[in-house]
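Residue numbers for the sequence shown follow this note's numbering, so the first one is 4 and each next one is one higher. No residue lacks a Cβ here, since even glycine has one placed at the ideal position from N, Cα and C. Since this is a predicted model, take the numbers as computed values, not measurements. Below is one structure; the comments refer to it alone.
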Amino acid sequence: MLRAGGLVAFPTETVYGLGADARDDRAVARIFEAKGRPRFNPLIAHVTDPAAAEGLAVFDERARALAAAFWPGALTLVLPLRADAGLSPLVTAGLDSVALRVPADPVAQALLRAFGGPLAAPSANPSGQVSPTRAGHVLQGLGPAVDAVIDSGACAVGVESTILSLLGPTPRLLRPGGITAEALAAHLGKPPAEAENPENAPRAPGQLASHYAPSAQVRLNARTARPGEVWLGFGPDCPGAALNLSPKGDLVEAAANLFEMLRRADALAGPRGVIAAAPVPMTGLGRAINDRLSRAGAPRPAERLTAPATSPSEGSPAARNPPARSR
Ligand code: TXA
Ligand code: MG
4 MLRAGGLVAF PTETVYGLGA DARDDRAVAR IFEAKGRPRF NPLIAHVTDP AAAEGLAVFD
64 ERARALAAAF WPGALTLVLP LRADAGLSPL VTAGLDSVAL RVPADPVAQA LLRAFGGPLA
124 APSANPSGQV SPTRAGHVLQ GLGPAVDAVI DSGACAVGVE STILSLLGPT PRLLRPGGIT
184 AEALAAHLGK PPAEAENPEN APRAPGQLAS HYAPSAQVRL NARTARPGEV WLGFGPDCPG
244 AALNLSPKGD LVEAAANLFE MLRRADALAG PRGVIAAAPV PMTGLGRAIN DRLSRAGAPR
304 PAERLTAPAT SPSEGSPAAR NPPARSR
C-alpha cells in the first residue's frame with residue numbers, strides 16, 4: 004500500500020503515525036488531506052537508522068552524538084535538509100530543514116525496513132486533536148481516510164517525541180516529549196535552550212497554544228473537582244477522581260495513559276463539559292504531560308474572539324471541531 008502511494012497508520016513507541024512514502028508528492032498530499040493539516044506545517048521523516056538519516060540531512064558532530072545516544076527512540080532532530088535528499092517538498096513545507104526520527108518500536112522498525120525508504124508520518128489524528136495511542140483511536144479520528152492501520156496495541160511511551168532543533172549554534176527544544184529534558188541536559192552538559200516566543204512564532208505547530216485539544220474544556224491544576232466536572236487525577240491524593248493517570252504517581256505510567264484517558268474524560272464530560280486535571284510535577288515526562296494538558300486547556304482561537312458557540316448544529320463533529328480550531 005505504501006509503495007502504491009497509500010496511507011498506512013502504524014504504531015511507534017510514542018503515538019501512532021499516519022505513514023506515507025516521504026518521496027511521493029501525491030502520497031504526502033493525502034496525509035494533509037486526511038488530517039485537515041495546514042500545508043505550512045512540516046512532517047517528520049522516519050527512517051530505520053542514523054545512516055539512512057544521514058542521506059536526508061546534514062549531520063554535524065553534535066547531531067551524530069545525539070543520534071548515537073538517543074536513536075532509536077523518542078527524539079526528533081531538526082537538521083539542514085540535504086540538497087539530494089529526494090524528499091517531497093511537502094514533507095518539509097518548502098523549508099531547507101527537515102525533522103528526522105528513528106523510532107524504536109519493533110513494528111515501526113519492521114515496517115520501515117520492509118518499505119526500504121523514508122516514511123513521512125505525523126500523529127494519526129485530525130489536526131489539532133488528541134494524538135492516538137491505540138489503533139482504535141486512529142479509526143475513530145480518521146476512519147476511511149486511512150487505507151490500513153497496523154494494530155499493535157497501546158503505545159509504550161504515550162506522548163510524542165521530543166523535538167530538538169540543531170539549526171543554530173545552540174540546540175533548541177521545540178517540543179518536550181518522550182526523551183526528557185533531564186536526559187538531554189545530561190548529554191549536552193546543560194539544559195537545551197527553549198524555543199523563543201513559541202505561541203507567536205511557532206517553529207513546530209505542536210507549540211501552538213491550542214493543540215491536542217479534546218472537545219471539553221480543560222481546567223488545570225485541579226486539586227479537587229467542582230460539581231459536574233470530570234476529574235482527571237494523578238497520584239494517591241485524588242480520591243473520587245473519575246480517572247487517574249497514575250494512582251501511584253508514576254510519570255511514565257501517566258504519560259502512557261494520558262491520551263487514552265483524555266479521550267475517556269472527554270466522552271464523560273461531553274462537548275460542553277469540563278475536565279479538571281490534577282497537578283502533575285514538572286520533572287521527567289511530567290514536562291511533556293503538562294505541555295499537552297496546558298495545550299488541551301488553552302482557549303481555542305474562536306473562543307478568544309467570541310462568546311462560546313451556541314450553534315444549532317452543536318454536537319455535530321463540524322460544530323465541535325470548527326475550522327478555526329484546526330491545526
Ligand atoms: O512522536 C512523534 O513525533 C510522532 C510519531 C508518529 O513519530 N509524530 C508526530 O508528528 O508527533 P507531528 O506531525 O504530529 O508533529 C511533528 C512536529 C510538528 O509540530 C512540526 O511542525 C514539527 O514537528 N516539524 C517538522 N518539521 C520541522 C522543521 N523542519 N522545523 C521545525 N519543526 C518541524
Ligand atoms: Mg500531532
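Hey, is residue i close to the ligand MG, as in C-beta under 7 Å from one of its heavy atoms?
i, result
"residue 164", "no"
"residue 91", "no"
"residue 126", "yes"
"residue 297", "no"
I'd like to check one pair, residue j with residue i: are the Cβ atoms closer than 8 Å?
i, j, result
"residue 257", "residue 233", "no"
"residue 150", "residue 16", "no"
"residue 267", "residue 216", "no"
"residue 225", "residue 280", "yes"
"residue 84", "residue 121", "no"
"residue 166", "residue 81", "yes"
"residue 265", "residue 133", "yes"
"residue 164", "residue 46", "no"
"residue 72", "residue 190", "yes"
"residue 21", "residue 127", "yes"
"residue 1", "residue 135", "The question about residue 1 has no answer here: the residues shown for the chain are numbered 4 through 330."
"residue 242", "residue 252", "no"
"residue 5", "residue 25", "no"
If I follow the unbroken alpha helix (DSSP H) through residue i, where does it start and stop?
i, result
"residue 73", "64-73"
"residue 118", "109-118"
Between which two residues does the beta strand (DSSP E) holding residue i run?
i, result
"residue 131", "Segment: none, residue 131 is in no beta strand (DSSP E) and carries neither H nor E."
"residue 83", "78-83"
"residue 102", "100-104"
"residue 145", "From DSSP, residue 145 is part of no beta strand (DSSP E) but of the alpha helix (DSSP H) over 138-145."
"residue 13", "11-13"
"residue 164", "Careful: residue 164 lies outside any beta strand (DSSP E) and carries neither H nor E."
"residue 178", "175-178"
How close, in whole Å, do the beta carbons of residue i and residue j come, if the pair is a contact with beta carbons under 8 Å?
i, j, result
"residue 180", "residue 291", "5 Å"
"residue 173", "residue 198", "About 11 Å separates the two Cβ atoms, so there is no contact after all."
"residue 221", "residue 296", "7 Å"
Could you check if residue i belongs to the surroundings of the ligand HEM, using beta carbon to heavy atom distance under 7 Å?
i, result
"residue 134", "You won't find the ligand HEM in this model; what it holds is the ligand TXA and the ligand MG."
At a threshold of 7 Å, does residue i count as lining the ligand TXA (C-beta to nearest heavy atom)?
i, result
"residue 144", "no"
"residue 65", "no"
"residue 121", "no"
"residue 18", "yes"
"residue 153", "no"
"residue 81", "yes"
"residue 45", "yes"
"residue 60", "no"
"residue 106", "yes"
"residue 85", "no"
"residue 102", "yes"
Going by DSSP in three states, residue i sits in which element: helix, strand or coil?
i, result
"residue 236", "strand"
"residue 265", "helix"
"residue 20", "strand"
"residue 49", "strand"
"residue 278", "strand"
"residue 218", "coil"
"residue 86", "coil"
"residue 197", "strand"
"residue 31", "helix"
"residue 296", "helix"
"residue 202", "Any reading at residue 202 must be qualified, since the residue scores a pLDDT of 39, below 50, and its modelled position is unreliable; the value itself is stated next. Correct three-state label for residue 202: coil."
"residue 309", "At residue 309, the pLDDT of 38 sits below 50, so the modelled position is not reliable and the matter cannot be decided from this model."
"residue 247", "strand"
"residue 301", "coil"
"residue 317", "Confidence is the limiting factor: at residue 317 the pLDDT is only 26, short of 50, which leaves the residue's position unreliable and the question unanswerable from this model."
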